[in-house]
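Engineer:
In the numbering used here, the protein residues as written are 466 to 600.
So this is what it looks like as structure tokens:
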């Protein structure tokens, strides 16, 4: 595996991500921001943040698999949520949990969560981009 995830002493331990990813692979994979589209380009889960997070993570997984990787190879995630407020955290975590169960992974690489005013289309509530390192 090309990624080692760490929570260093002196930083708080966070359940949903690790603070540091140490990459030792030789190929970088940059996954464009994935939204809650199905294979036909239809929005999944209109108005449902958890459903959209789940679909977005599944789409990241599909993109990683096309490059020969998986969430085990992810060094960094950026998550953009429309009109983010802390009360949306349970929905975000629910979507991640459902996607993780379907993917058979624990996606906890270093991550940045950003609140944004809008995304590409009004129906999209979340967009997730990834950087992976493959051997």
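Backbone N, C-alpha and C fix where the C-beta goes; we use that ideal spot for every residue, glycine too.
Take the Cβ of residue 487 as the centre, count every other Cβ of all protein chains shown within 10 Å, and call the residue buried at 16 or more, exposed below.
Structural biologist: By the Cβ neighbour-count rule, residue 487 is exposed, with fewer than 16 other Cβ atoms within 10 Å of its own.
Engineer: So residue 518 is in the alpha helix (DSSP H); what residue range does that whole segment cover?
Structural biologist: 514-531
Engineer: What residues in its chain sit with their C-beta under 6 Å from that of residue 577, if we drop five residues either side in the sequence?
Structural biologist: 543
Engineer: Please say whether residue 499 and residue 525 have beta carbons closer to each other than 8 Å?
Structural biologist: yes
Engineer: Kindly indicate which three-state DSSP category residue 559 falls into: helix, strand or coil?
Structural biologist: helix
Engineer: Can you tell me whether DSSP reads residue 568 as helix, strand or coil?
Structural biologist: helix
Engineer: When DSSP labels each residue in this structure, what does residue 576 get in the three-state scheme?
Structural biologist: strand
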